[in-house]
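Okay, so here's the structure we're looking at.
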Ligand code: IMP
């Protein structure tokens, strides 16, 4: 491995919404290339800079940095309407068009994927819903793996598009009419806009694998920006309550064409407490007043769907699992300020199941729903920490909380978020 490589991979360590957008944005000034490699417009990366709030669903959070190259890798599922909405908003704000590259191999989220996402959720019925974002992510990945997908490159050639879409739509219309009792989708209503999306996407399409390869070999600083998080991983998450992509470290390689030995650092983003949006097990969820306070103080409402997030305490066995899965080398700890004035801070260190103590993350999602968390209570703090600029300025109990996390997870915390703004960050 050549020594001049400088590739950071950033991943969420919990169930998403850890504040990855802010961390990316925070590191942004030293980064040359920002890359997204999986997921799609189901993400919601909020960046607040100089009082201005921008939410990215599809584009890399680095788009706020003028002059930096931003890449949408082959592992993404791209909703063209969302792509065009986000790019035009940024370009209207004066950002430069030339610095965005889209892989021709990324799959396209088509209108029928979004329709199917909703119909499938309804059909699952009570107790079986996943609580998806409704952005068509699952159905689009299904088509990718069943080889019935449309890739960005297919949209660029009207004849190819017509040919593939004819076959695909026939199949989809069978589903709509026979299974879901819906009207069939007329071909032209899908084909005509898709052709226009192809024209709009064309200027951005580039061989992103080759481009990234060269950037890595030239020693440029690359930031691979994971969306969602390890516990939502299609293989390693709380299946079936997961998203449909590889959200942990491994997804960065399939989703870009870079290689495992290109990485120099894996940054796990850990929120100082835990949240989850959508259905699925969440052992440390707090149904009492504390959960409400965390939601209110942390502004825990979905950036994509506006849904209130489920809130609870830090879960050490879950995080240990996540650190292992991702090969995390450092932690970015976010939203520490939200724990101010919470009284004692609960941390789950083990679980109880049928009178037995378990210290590792169980493999069985059903078992996860039955666990009772075993908590340790750490002393809290009441001082406002939102203006702290150094670790030493933090109250002793806040410092102790950070050190406790480092010790339990055997991973150093190199960055601490103490407020929503880019500047409210302590770098150690
Ligand atoms: P999908 O990704 O829309 O298929 O949703 C599957 C599950 O992942 C649902 O529980 C969603 O709430 C969750 N999910 C998807 N994207 C995010 C995210 O960016 N943050 C948090 N949860 C997410």
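Residue numbers (the numbering used here): 75 to 502. All C-beta atoms, glycine included, are put in the ideal place defined by N, C-alpha and C.
Notebook entry, point to check: Is residue 209 closer than 7 Å to residue 115 when the C-beta atoms are compared?
Noted result: In contact: residue 115 and residue 209 (Cβ atoms closer than 7 Å).
Notebook entry, point to check: Taking DSSP as the reference, what is the three-state secondary structure of residue 82?
Noted result: strand
Check: Should residue 211 be counted as a contact of the ligand IMP given a C-beta to heavy atom distance under 6 Å?
Finding: yes
Next item on the list: Determine the direct distance from the alpha carbon of residue 463 to that of residue 323, and round the result to whole angstroms.
Entry: Cα to Cα, residue 323 sits roughly 30 Å from residue 463.
Note to self: Just verifying my parser: in three-state terms, what is the DSSP assignment at residue 479?
What the structure shows: helix
Notebook entry, point to check: Around the Cβ of residue 309, are there at least 16 other Cβ atoms within 10 angstroms (buried) or fewer (exposed)?
Noted result: exposed
Next item on the list: Please look up how many angstroms separate the CB atoms of residue 448 and residue 431, rounded, as I've assumed it's under 8 Å.
Entry: Rounded, the Cβ-Cβ distance is 7 Å, consistent with contact.
Margin query: Helix, strand or coil, according to DSSP, for residue 382 in the structure here?
Written below: strand
Margin query: Please tell me whether residue 338 and residue 385 are closer than 7 Å, where the distance is taken between their beta carbons.
Written below: no
Notebook entry, point to check: Where residue 177 and residue 387 are concerned, what is the direct C-alpha to C-alpha distance, given to the nearest angstrom?
Noted result: For residue 177 and residue 387, the distance between alpha carbons rounds to 39 Å.
Next item on the list: Pick out the complete alpha helix (DSSP H) segments inside the stretch 384–422, 4 residues or longer, and give them in chain order.
Entry: 390–400
Check: So, using beta-carbon positions, are residue 276 and residue 230 closer together than 7 Å?
Finding: yes
Margin query: Here's the rule: buried if 16 or more other CB atoms are within 10 angstroms of the residue's CB, otherwise exposed. What is residue 253?
Written below: So residue 253 counts as exposed.
Next item on the list: Measure the CB-CB distance between residue 427 and residue 355 and report whether it falls below 7 Å.
Entry: no
Check: Mapping DSSP to helix, strand and coil, what is residue 489?
Finding: strand
Check: Cβ-heavy atom distance between residue 231 and the ligand IMP below 6 Å?
Finding: no
Item checked: Local conformation of residue 89 per DSSP, three classes -> coil
Margin query: Can you give me the C-alpha to C-alpha distance between residue 329 and residue 109, rounded to a whole angstrom?
Written below: When only Cα atoms are considered, residue 329 and residue 109 end up about 10 Å apart.
Notebook entry, point to check: By the 10 Å Cβ neighbour count, where 16 or more other Cβ atoms means buried, how is residue 486 classified, buried or exposed?
Noted result: exposed
Check: Touch check for the stretch 194–206 and the stretch 144–156: three-plus C-beta pairs under 8 Å?
Finding: no
Next item on the list: Have a look at 302, 314, 501, 189 and flag the residue whose alpha-carbon is nearest the alpha-carbon of residue 118.
Entry: 302
Next item on the list: Please confirm whether any heavy atom of the ligand IMP lies closer than 6 Å to the CB of residue 300.
Entry: no
Margin query: If distances are taken between C-alpha atoms only, which option among 352, 318, 102, 446 comes closest to residue 294?
Written below: The shortest C-alpha separation from residue 294 is found at 102.
Note to self: So, does the stretch 164–174 touch the stretch 187–194, judging by three or more C-beta pairs under 8 Å?
What the structure shows: no
Item checked: Cβ shell of residue 315 (< 6 Å), same chain only, five flanking positions each side left out -> 204, 353, 354
Next item on the list: Let me know if residue 112 comes out buried or exposed under the rule of 16 or more other beta-carbons within 10 Å of its beta-carbon.
Entry: buried
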